[in-house]
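Visitor: 24 is the number of the first residue of the sequence shown in the numbering used here; add one for each residue after it. Here it is, the structure, as structure tokens.
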Amino acid sequence: MPRCWLVERSYNDRDLVTLVYATPDGQRAVRKEVPMTAISQGTVAVTAAKTVNEANLEPVETTERYRREVARVREDHGPDDEI
């Protein structure tokens, strides 16, 4: 299972946080919606990287942007750092 890095975090009006983790080459990613309360209560940890099931990865159109963001996050954080 590949290690993917956090490249995008967005919030919506339903109190959900959308997290996007991408492969180091930026070509594939997985999206996960998490309730803000789960993050604030510590039920869900938002870490710099996650190990992702290969079957859950999807191709993306923003490959270059995700590749650059993965490089930046990897340089600044360890995989288990909460960010």
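We put the beta carbon where it would ideally sit given N, CA and C, even for glycine. Source: prediction; values computed, not measured.
Check residue 67 in the structure and name its three-state DSSP category.
Guide: Note: residue 67 maps to coil in three-state DSSP.
Visitor: Measure from the alpha carbon of residue 59 to the alpha carbon of each residue in 71, 81, 35, then state which is nearest.
Guide: Ranking the options by Cα distance to residue 59, first place goes to 35.
Visitor: Going by DSSP, name the residue or residues bridged to residue 58.
Guide: DSSP, once it has assigned bridges, lists 39 as partnering residue 58.
Visitor: Please return the same chain residues whose Cβ sits closer than 8 Å to the Cβ of residue 106, not counting the five positions on each side in sequence.
Guide: Hits under 8 Å: 29, 69, 70, 71, 96, 100.
Visitor: Shortest alpha-carbon distance to residue 27 belongs to which of 98, 51, 41?
Guide: When each option's Cα is compared against that of residue 27, the closest is 51.
Visitor: Do residue 80 and residue 57 come within 9 Å of each other at the CB atom, strictly closer than that value?
Guide: Going by C-beta atoms, residue 57 is not nearer than 9 Å to residue 80.
Visitor: Examine chain D for any beta-carbon lying closer than 9 Å to the beta-carbon of residue 33, and answer yes or no.
Guide: The question asks about chain D, but that chain is absent: this structure has only one protein chain.
Visitor: What residue range does the beta strand (DSSP E) around residue 74 cover?
Guide: Taken as a continuous stretch (DSSP letters only), the beta strand (DSSP E) holding residue 74 covers 72 to 74.
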